[in-house]
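Peer 1:
2 protein chains.
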Amino acid sequence: MSSPAIKPFEVNGRRYAPPARPVAVICLDGSADEYLNAALTRGRMPNLTKLAVHGHRTMARGALPSFTNVNNASIITGVAPSVHGISGNFFLDPATGAEVMMNSSRYLRAETIAAAAARAGRRVAMVTAKEKLRDILSHGLDGIAFSSEKANQAEEQTHGISNVEKLVGQRTPPIYSAEASLFVLQAGVALIKREAADFVYLSLTDYIQHLHAPEATEALAFYAAIDELLGQLVGLGAVVGATADHGMNAKQMLSGDPNVIYLETFLHKEFGNGVRVILPITDPYVVHHGALGSFAVIHLSDFKMLGPIKERLIEFEEITEVYDRKTAARKLELPPDRIGDLVVMSKRDVVIGRTPEHHDLSALRGGLRSHGGRYEEMVPLIISEPLNAEYVAKAASDPRNFDIFDFVTNGIQS
Amino acid sequence: MSSPAIKPFEVNGRRYAPPARPVAVICLDGSADEYLNAALTRGRMPNLTKLAVHGHRTMARGALPSFTNVNNASIITGVAPSVHGISGNFFLDPATGAEVMMNSSRYLRAETIAAAAARAGRRVAMVTAKEKLRDILSHGLDGIAFSSEKANQAEEQTHGISNVEKLVGQRTPPIYSAEASLFVLQAGVALIKREAADFVYLSLTDYIQHLHAPEATEALAFYAAIDELLGQLVGLGAVVGATADHGMNAKQMLSGDPNVIYLETFLHKEFGNGVRVILPITDPYVVHHGALGSFAVIHLSDFKMLGPIKERLIEFEEITEVYDRKTAARKLELPPDRIGDLVVMSKRDVVIGRTPEHHDLSALRGGLRSHGGRYEEMVPLIISEPLNAEYVAKAASDPRNFDIFDFVTNGIQS
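Sequence lines, in order, name chains A and B. First residue of the first sequence: 11, per our numbering; consecutive thereafter. First residue of the second sequence: 11, per our numbering; consecutive thereafter.
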């Protein structure tokens, strides 16, 4: 294989100058730093230990709401949700008044770094765990794109690759498994090893983190397996950058029951039925969180209610922040037309529900761990190689998780 | 020596049932979790590694503003600032209109856990690095209380101990040194070893963290020295709990210059001179931060300005949160009579100044690292022994740094 193109490219106002070596960016879905620390102190992540010391490890600020689609869209475009337009998994479409999934690239308002890299001559591959992400993130990409969830359905014409199971040497895993994520990393290793790709984005799923605390046996085994694959990527000569889309916190009472405030129930009772609560965490993967997260938007039929509802909600001990549309768009970097008239976030251990009927709590095995709010905003940022002076300073300022492609392409010393 | 009293005691609405063994609580001033991680991954904290695995390590939410006095007062009373009354180092006294230091126990509105433990028969010692903390925290304490800053001035009658240098085997260190903190831990070890105390609070200073990033040689050496002393405390049979008062972030531009917004300058220009900005971080230790932190309060001569100023400030990209007095008191758990008409917090890498004339930036050696805002709120929480089931659940909910005495007394298994 000829040496990969090293032509710099520009996308969404930022220039990326990747090294000739393979570049791999990993989104460790739901990886609160506590998960890494629990595994690191137990000696289960020897490769990450080496990377953190030889390269760079710090904390980065994610995009809000601290959800998967929002942050994956930010990582792959390098910009905030106010620019790329993905504000959740689910929203109330102002054009139709319908509540719809945002699982389509037609909602994406910015070009992706992956598509731009491919145009600049890189062999690009994108592997996600969840199929829902593939369509959004692979928009306009001339390269390989498939999910581990539907790996056995990838075809040359539609996915840029076929026979993925053979390539990876694994069967297509069930989405509710550790293997759904490990398959993504194994695919990354195989693609780079076979020289089928030299610029890859690997996005895992947070099934394990929704179910298990950092020090649980299952979580430790998961991170040990991730570490082994991180080592393989570095061993292949790749520059590796890893970050997360969001953190993860237990959202339950000391009894173990979910700690939920049913916002629509409360608002209907106090302010009448002209209030609609939308939970942008809503997605088809209900076992993860039962559509319960620490972020909600509220749509009003009558704007006169805005002030009184805002005043009332900020009084709740469980609620941390309440913003009107304009302020939310500005302070949380959100697209104003894709949020509600009010935006609400809840405490570290509290989730916001709509009404009890809207949520099937029986789907939650072993307690509720979730995300979406301010306390899942900070995530790890790891670069496998030493940073140059400019990016040491950048890493020490207010780096974002969606700067990760910037760090691995522009920030390394060699 | 007879076995220490194991009588449970109650203070500020919470019951504490300490074990008969010595109990040591440490406030690792300014210890953002990144400091521990940088040292841990480099193998510089073998004792902490053991404690984290054998005992419990998680993240806890501190009190806001994320300042030293506020959080030390919370830790030693077990309650939020709204209850204990210490809202900063410095405030505008509504009784006099004067700007004064809050460095006196007369501002403390709650009893301390230390005083209550002594009354229940424990031999209590409190050692702080900064003398400013000693008076506040040792209020009503029948026991030992001194600072490393003035260790050589401790007298039996006023401090419950004399000849501290001899006890510790070290000279009184300069306050601007790593030794100012290490002396505190060495004193704790000596007091427990000599059976002079069995219930100790050890509060360090953040001189090193204000000056050095987590991976700096000086920071690593500091944490290695802390680790050695942690090991000695555990070796003496003590139950050890460690947390921090606040985190620490670089607050500078990529050029290395401090990233300051001069709030009073701006407000005088736009809204006239009836606006006074108070920076509650202000204290005599100017080398640390030049009175620049990520938290400010605003006093208004005319309340008609409140709405327009609030609206204007939330537009600033550098400002994250703006609250009126009532909302700040509720959402940030602050005493309403000891804050301003408005309360303002700034971004992770931004500090709030008053006017350029108010700050001597020349005192800042090697860049500005500071705290005070939302991004220094989360801190480590470490207990040296395994938690019982109730406190495992508590640690996984929304533990506070000021629950640390609760954890070490009520939360351990034996």
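The C-beta atom is built at its ideal place from N, Cα and C for all residues, glycine as well.
1) Going by CA-CA distance only, name the one from B:V174, B:S158, B:E159 that's closest to E165 of chain B.
2) Determine, using beta carbons only, whether I288 of chain B and V270 of chain B come nearer to each other than 8 Å.
3) Examine chain B for any beta-carbon lying closer than 8 Å to the beta-carbon of D43 of chain A, and answer yes or no.
4) Is the separation between the beta-carbon of G405 of chain A and that of H66 of chain A shorter than 8 Å?
5) Identify which residue in B:S158, B:S187, B:A188, B:I185 has its Cα closest to the Cα of V178 of chain B.
6) Kindly list the residues whose CB is nearer than 7 Å to the CB of Y45 of chain B, restricted to its own chain and excluding five residues on each side of it in sequence; keep chain order.
7) Go through its chain and collect everything with a Cβ distance to D347 of chain A's Cβ below 8 Å, but skip five positions before and after it.
8) Does the pairing of the region 95-110 of chain B with the region 122-131 of chain B give three or more beta-carbon distances under 8 Å?
9) Take every Cβ of the region 327-345 of chain A, pair it with every Cβ of the region 389-406 of chain A, and state whether three or more of those distances are shorter than 8 Å.
10) I need the straight-line Cα distance from N22 of chain B to A155 of chain A, nearest angstrom please.
11) What distance in whole Å lies between the Cβ atoms of L239 of chain B and R364 of chain B, which are believed to be in contact at a cut-off of 8 Å?
12) Between G251 of chain A and F19 of chain A, is the Cβ-Cβ spacing less than 8 Å?
13) Please look up how many angstroms separate the CB atoms of L310 of chain B and M69 of chain B, rounded, as I've assumed it's under 8 Å.
14) For Q423 of chain A, count neighbouring C-beta atoms within 10 Å of its own C-beta (all shown protein chains included) and say buried if the count is 16 or more, exposed if not.
15) In this structure, what does DSSP give as the bridge partners for R379 of chain A?
16) Go ahead and pull the three-state DSSP assignment for M11 of chain A.
17) Would you please verify whether the beta carbon of K10 of chain B is less than 8 Å from any beta carbon of chain A?
18) Hey, does I324 of chain A have any beta-carbon neighbour from chain B nearer than 8 Å?
19) Got a sec, what are the start and stop residues for the beta strand (DSSP E) D145 of chain A sits in?
20) What residue range is occupied by the uninterrupted alpha helix (DSSP H) comprising R71 of chain B?
21) Against A260 of chain B, what residues of chain A qualify as contacts under a CB-to-CB distance less than 8 Å, listed in chain order?
22) Under 8 Å, do A125 of chain B and L151 of chain B count as touching if we go by C-beta distance?
23) Answer with buried or exposed for F313 of chain B, where buried requires no fewer than 16 other C-beta atoms within 10 angstroms of its C-beta.
24) Determine contact between the region 372-388 of chain A and the region 48-55 of chain A, defined as no fewer than three beta-carbon pairs at a distance below 8 Å.
25) Rounding to the nearest angstrom, what Cα-Cα distance links V285 of chain A and D267 of chain A in this structure?
26) To the nearest angstrom, how far is the alpha carbon of M11 of chain B from that of T168 of chain B?
27) Closest to I393 of chain A by C-alpha separation, out of A:I16, A:D351, A:V33, A:Q163, would be which residue?
28) May I ask you to report which of helix, strand or coil DSSP gives T253 of chain A?
29) Would you mind reading off the limits of the alpha helix (DSSP H) that contains T138 of chain A?
30) Cβ closer than 9 Å: which chain B residues qualify as neighbours of D359 of chain A?
31) Taking G95 of chain A as the reference, which of A:V80, A:I86, A:G350 has the closest Cα?
32) Please tell me whether C37 of chain B and N82 of chain B are closer than 8 Å, where the distance is taken between their beta carbons.
33) Along the chain, where does the alpha helix (DSSP H) containing P29 of chain A start, and where does it finish?
34) Report the rounded CA-to-CA distance for T337 of chain A versus T227 of chain B, giving the unit in angstroms.
Peer 2: In brief:
1) B:V174
2) The criterion of a C-beta distance shorter than 8 Å is not satisfied by I288 of chain B and V270 of chain B.
3) For D43 of chain A, a Cβ of chain B is located within less than 8 Å of the residue's own Cβ.
4) According to the sequence as given, residue 405 of chain A is Ala; it is not Gly. It is a contact, given that the beta carbons lie within the stated cut-off.
5) B:S158
6) Q219, P224, A229, Y233
7) P104
8) no
9) As far as the Cβ criterion goes, the region 327-345 of chain A does not touch the region 389-406 of chain A, which means the pair count is below three.
10) Going by the C-alpha atoms only, they are around 59 Å apart.
11) Their Cβ separation, rounded to whole angstroms, is 38 Å, which puts R364 of chain B and L239 of chain B out of contact at 8 Å.
12) no
13) Between M69 of chain B and L310 of chain B the Cβ distance is about 36 Å, and since that is not below 8 Å, they are no contact.
14) exposed
15) A:A260
16) Residue confidence for M11 of chain A is low, a pLDDT of 42 falling below 50, so the modelled location carries little weight; the figure read from the coordinates is stated next. In this structure, M11 of chain A counts as coil in the three-state DSSP scheme.
17) One cannot answer for residue 10 of chain B here, as it falls past the ends of chain B, which runs 11 to 424.
18) yes
19) Here D145 of chain A belongs to no beta strand (DSSP E); instead the alpha helix (DSSP H) covers 141-147.
20) Segment 66-71 is the beta strand (DSSP E) holding R71 of chain B; no alpha helix (DSSP H) there.
21) A406, S407
22) Contact flag set, yes.
23) exposed
24) no
25) Approximately 27 Å, taken between the alpha carbons.
26) Reliability fails at M11 of chain B, whose pLDDT of 42 lies under 50, so the model's placement of it is uncertain and the value that follows must be treated cautiously. Cα-Cα distance, rounded: 24 Å.
27) A:V33
28) strand
29) It is not in any alpha helix (DSSP H) - T138 of chain A instead sits in the beta strand (DSSP E) that spans 134-138.
30) A406, S407, D408
31) For the residues A:V80, A:I86, A:G350, the minimum Cα distance to G95 of chain A belongs to A:V80.
32) yes
33) Segment: none, P29 of chain A is in no alpha helix (DSSP H) and carries neither H nor E.
34) 42 Å
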